[in-house]
DNA sequence: AATATTCCCGTTTTT
DNA sequence: CGGGAATATT
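Residue numbers (our numbering): 82 to 807.
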C-alpha cells in the first residue's frame, strides 16, 4: 500500500538484515528464532507498527506477550511509533478474560464471573476433596490442583479426564476434578487455566465466533512462543486457521515453563505446522559482553537435542564472569551487598543492578543484608501484595458485590470485620440454602426470613445491611468504588486500630487505592469488574517500577525478558540450581535441561557484569546443610570466568557438629555429595534410595568404578571441599 | 465465639 | 523457618 512512506522508512532504520526481514514479512506464517539480547522486542514492535502502516490497521493486530508489564511497554512503544490506537496487546490470560466477558453468553458463563486466585483455587479444591468424602491429608490439595491444572492446560475437561483415567488414583483425581468443576460453576468462577481452556474450547465449537475473530485479527503476533501450552497453541492456531498470518517469536533455549504445561514442541514444530513458514534467526547479541555470552553459551551447549544457534556478539569481552564461593548464605548476601556498595561508589545506579534466585526463600537473607547495608531494593512480588489479608478482604467484598454467587468471597467476608457470626451460624445458613435451593448470598441478605437463626439473625442482618451499603459502589469507577467499600464494609475502622507490629494494613489499603487510581488514569473507561480482573491477572514483575533507585530482586523465572547491566545469581548449588527435591524425582534429563535453560536465561539477562555465587553451607527451612556446588558452574568455559573463594579457611574443617547435626549424618547427603572410599578413592553420589528401609547410595568414582552402597555399612566417608583441596 | 497457643507440615518456579 | 490448622483457654 505504501502509504505514509517516510515514517514507514523510519521503521526500518538501524535494523540488521534478518531483523529487517522479520519486520517487513507481510502475509503468511513467520517464525522468529531469537537468541537472548538479539533485539527481538524491537523487531516485534517495529513489525507491529509496520503492519499497521502498510497492510493492516492497528485494530486488526493482536499481539500476545508473556506478562502485563511486557504488554504495557510494547503498547507504549508501538503507540510512540505513531500508528494509531486500537491494537490489542495483552497476555493470553488477559485476552481470554476479556473475550469471555464479551462473549459470556456464547461461552455459557456469567458476565461477572470471578477469576480465582491461587489461594481461592486451593480453597475450592479442598472443598471438592471434602465433598468427595476424602481427606485433604491423603489427597493434598496442592497435588490435586496440579493434576487438574495439567489436565486443563492439555484441554482435558472432567469428562475427557474421566475417560482417560487409568487406575484408582486417576479415578479419584477424576472425581475431585468433577466436583471442583461443579463448585466453580456454582460459584460462577474460573481459574487461570479455565480462561485459556474455555476460549480454546469456544473457538473450536463456535465457528461463527471463530470466523468473526479471525476476520477481526488479521495479524497475530505471539511472543515467548516456546512457553505456550496446548490451550494457548490451539487459540493461536484457531485464530489464524485460514489466514495463517501468525508470527511466533521465541527461543527454545529459553523454555522454562514445561512444569506448567508449556510444550517446547510448539515452537520446534512450527515449520511442520506451517510448511510455507518463513524462518528468521536472530543470533547476534547486542546485550551482553563477550565473556558473559560465551559462558552462557558454554552452559547451554550441554543440552542435547536442541536447535543449535550460533550466538555471537561484537561487544567487547568485558570482565570475566565471577564465580563466587561463600561460606554461608548470609555471607553470600553480605558479600553481594558489599559488592553493590562498591559498584555504587564506582558510579553505578542501583536501578542497574539485579539479584536472581531460584526460590523465593532465598530472598530473605538478601533483604536483610541489603537493609543492613542501607541499600534500597525492590522485590518483584506483585502477587504477594494482593495475597495480604487486608487486600484480599477488600477484594472479596468487591467480588461478592459484582458476583453474589462467589461463595469463597462471601465466606471470607461474612465475619470480617468480626460481626459475631461464627462457624455454627454459617453451617446452619449453608444447610438452609441447600434445602431451600437458594443461593447462600440470597439467604444471608434476606431480611425477612432469618428467624431460623435465632439470636444470630440480627448479626447476619448487620452483614446484609453492610452489603446494601456497599452496593452503590457497583456503579462507580474503580477508585471511588474501592474507597466506598473500604469505608462501608467496616474494614477501614477495623484496620485503623489493628496497626500492631511492623505490618501496616491501613497503609496497604491506601496503596491499593492508589493502584486503582493509577489504573483508572490509564484506562478512564475501566469498570470495577475490569479492575478486579486486572488485579487477578497480575504477575510478579508487573509490580516492578523503573527509576526507583533500587536494586531489583526476583526469581529466575520472573527475570525472563528483562535485562540489567549488573546481575548476581545466588544459590548455584546442587539441588537448588538445578533444583530438585531430595526424595522423589529420579534424575530426569528433561528436568535438568529445563533447569539449565533457566540458568541460561538468568545469565543472559546480564549486560556488563555477572556474578554467580554459591554457599558451602546453606540454611533452608530452618536447617543448615553442607552443599555441593552446582554442576552448572563446572560447565562454564574457563577462559571466560574467574573463580573467587571467599570461604573462611578451616571455618568448618573440624569434625565438630554443625548446628547440632553431625556433618556426616546421612540425612544430609544429597545427590552430588562427594565421598571417599578406601579402595576406589573419590566419588560422587548419583542416586540415593532405600533398600528395605535402609539408605543406599549409588556412587560413581573418579577411577570409573560405580556401585551401590548401604550407607550405614559401607566405608564411605563424606568429603567436604576443603578436604579435596580444589 | 473469639483469641491464644501449639504443633505439624511442606519444601520450586507462575499466568 | 513460617504459615495454617487444630487445640486450649477465656
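Backbone N, C-alpha and C define an ideal beta-carbon position, used for all residues, glycine too. Computed from a prediction, not measured in an experiment: that's the story for all the values here.
Grab the span of the beta strand (DSSP E) containing residue 641 for me, first residue to last.
Unbroken run through residue 641: none, as it is neither H nor E.
How would you label residue 706, buried or exposed, when you count the other beta carbons within 10 angstroms and need 16 or more for buried?
Counting Cβ neighbours within 10 Å, residue 706 comes out buried, since at least 16 surround it.
Just mark residue 609 as buried or exposed, buried being the case when its beta carbon has 16 or more other beta carbons within 10 Å.
It counts as buried.
Hey, would you say residue 336 sits closer than 8 Å to residue 343, going by beta carbons?
A contact, by the Cβ cut-off of 8 Å.
In three-state terms, what does DSSP make of residue 727?
Here residue 727 sits in coil by DSSP.
Does DSSP put residue 758 in a helix, a strand or coil?
For residue 758, the three-state secondary structure derived from DSSP is strand.
Distance, residue 236 Cα to residue 485 Cα
The alpha-carbon atoms of residue 485 and residue 236 are separated by roughly 29 Å.
Member of 423, 468, 159, 762 whose CA lies at the smallest distance from the CA of residue 454:
Taking only the C-alpha atoms, the option nearest residue 454 is 423.
Sub-8 Å separation of residue 505 and residue 474 beta-carbons
Going by C-beta atoms, residue 505 is not nearer than 8 Å to residue 474.
Is it right to say residue 121 is buried, meaning 16 or more other beta carbons lie within 10 angstroms of its own, or is it exposed?
Label assigned to residue 121: buried.
Take residue 735 and list the residues in its own chain whose beta-carbon comes closer than 8 Å to its own, dropping the five residues that flank it on each side.
Note on residue 735: pLDDT 37, under 50, position unreliable in the model; the coordinate value appears next. Excluding positions up to five away in sequence, the list is empty.
Beta-carbon spacing of residue 260, residue 209 below 8 Å:
Their beta carbons are under 8 Å apart, which means residue 260 touches residue 209 by this criterion.
CB residue 272 to CB residue 147, shorter than 8 Å?
Not closer than 8 Å, so no.
On the CB-based measure, 16 or more other CB atoms within 10 Å of its CB, does residue 732 come out buried or exposed?
Residue confidence is low: residue 732 scores 49 on pLDDT, short of 50, so the model does not pin down where it sits. Its coordinate-derived value is still stated next. Around the C-beta of residue 732, fewer than 16 other C-beta atoms lie within 10 Å, and the residue is accordingly described as exposed.
Assuming residue 700 and residue 691 form a contact by the criterion Cβ under 8 Å, report the distance between their Cβ atoms to the nearest whole angstrom.
Contact between residue 700 and residue 691 does not hold, since their C-beta atoms are separated by about 25 Å, which reaches or exceeds 8 Å.
By how many angstroms is the C-alpha of residue 447 removed from the C-alpha of residue 788?
As the crow flies, the alpha-carbon of residue 788 is around 40 Å from that of residue 447.
Looking at C-alpha atoms only, which residue of 494, 380, 524, 461 is the closest neighbour of residue 477?
Checked all of 494, 380, 524, 461; the closest Cα to residue 477 is 494.
Determine the closest residue to residue 172 out of 191, 150, 165, with distance taken between C-alpha atoms.
Closest by C-alpha distance to residue 172, out of 191, 150, 165, is 150.
For residue 366, the three-state DSSP class (helix, strand or coil):
Collapsing the DSSP output to three states places residue 366 in a strand.
By Cβ distance below 6 Å, which residues in the same chain neighbour residue 254 in space, the five residues on each side in sequence not counted?
The residues are 228.
Judging by CA-CA distance, which residue of 451, 94, 398 is the nearest neighbour of residue 411?
Taking only the C-alpha atoms, the option nearest residue 411 is 451.
With a CB to CB cut of under 8 Å and the five nearest residues on each side skipped, what residues in its chain are close to residue 488?
Residues of the same chain with a CB within less than 8 Å of the CB of residue 488, apart from the 5 flanking positions on each side, are 267, 268, 521, 522 in chain order.
Straight-line Cα distance separating residue 438 from residue 650:
Put simply, the backbone Cα of residue 650 is about 6 Å away from that of residue 438.
So, helix, strand or coil for residue 689, using DSSP?
Residue 689: strand per DSSP, three-state reduction.
How about residue 573 and residue 567: do their beta carbons lie closer than 8 Å?
Contact flag set, yes.
I need the boundaries of the alpha helix (DSSP H) containing residue 421, first residue and last residue.
410-426 is the extent of the alpha helix (DSSP H) around residue 421.
Assuming residue 274 contacts residue 326 under a Cβ cut-off of 8 Å, what Cβ separation, rounded to an integer in Å, is found between them?
Residue 274 to residue 326, Cβ: 27 Å. No contact.
Residue 188 to residue 270, Cα distance in whole Å?
If you take the alpha carbons of residue 188 and residue 270, they lie about 13 Å apart.
Distance CB(residue 310)-CB(residue 677) smaller than 8 Å:
No, these two residues do not count as a Cβ contact at 8 Å.
Strictly by DSSP, which residues pair up with residue 310?
Looking at the DSSP assignment, residue 310 forms a beta bridge with 343.
Between the C-alpha atoms of residue 416 and residue 722, what's the straight-line distance to the nearest angstrom?
CA-CA distance, residue 416 to residue 722, rounds to 18 Å.
Note down the Cα distance separating residue 482 from residue 589, rounded to an integer number of angstroms.
Between residue 482 and residue 589, the C-alpha separation is close to 21 Å.
Is it buried or exposed, residue 440, if we count other Cβ atoms within 10 angstroms and call 16 or more buried?
Residue 440 should be labelled exposed.
Suppose you measure from the CA of residue 177 to the CA of residue 761; what does that come to, to the nearest Å?
So the alpha carbons of these two residues sit roughly 60 Å apart.
Tell me which same chain residues have a C-beta within less than 6 Å of the C-beta of residue 117, skipping the five on either side of it?
Answer for residue 117: 685, listed in chain order.
Run the CB neighbour count on residue 605, radius 10 Å, all protein chains shown included, and call it buried at 16 or more, exposed below.
Exposed: under 16 other Cβ atoms inside 10 Å.
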